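Q:
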């Protein structure tokens with residue numbers, strides 16, 4: 593399963609959703625605020641705010657096997 597995202601410059605990236613129980617449990621839980629979540633067809637759109645200044649940030653969508661079943 594893959595997902596797409598836009599960076600702050602509007603460039604589109606394609607990534608794979610990571611399905612790994614152990615990685616899910618051990619992943620960092622940095623604070624963020626969900627601003628908007630919507631589904632368009634088979635696309636999940638997530639808009640969020642996070643702290644950390646102007647440095648480059650990396651996000652990974654990590655789920656459990658239950659995510660794939662829904």
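Residue numbers (this note's numbering): 593 to 662.
Where is the CB? At the ideal position from N, CA and C, for every residue including glycine.
Source: prediction; values computed, not measured.
#1: What does DSSP give as the partner residue(s) for residue 633 in the beta ladder?
#2: From 622, 610, 640, pick the residue whose C-alpha is nearest to that of residue 629; which is it?
#3: DSSP state of residue 648, grouped into three classes?
#4: For residue 615, which of helix, strand or coil comes out of DSSP?
#5: Could you tell me which residues DSSP pairs with residue 641 in its beta bridges?
#6: Work out the CA separation of residue 651 and residue 622 for me, nearest whole Å.
A: On the basis of the supplied data:
#1: Its beta-bridge partners do not exist; DSSP assigns none.
#2: 640
#3: coil
#4: helix
#5: 625
#6: 11 Å
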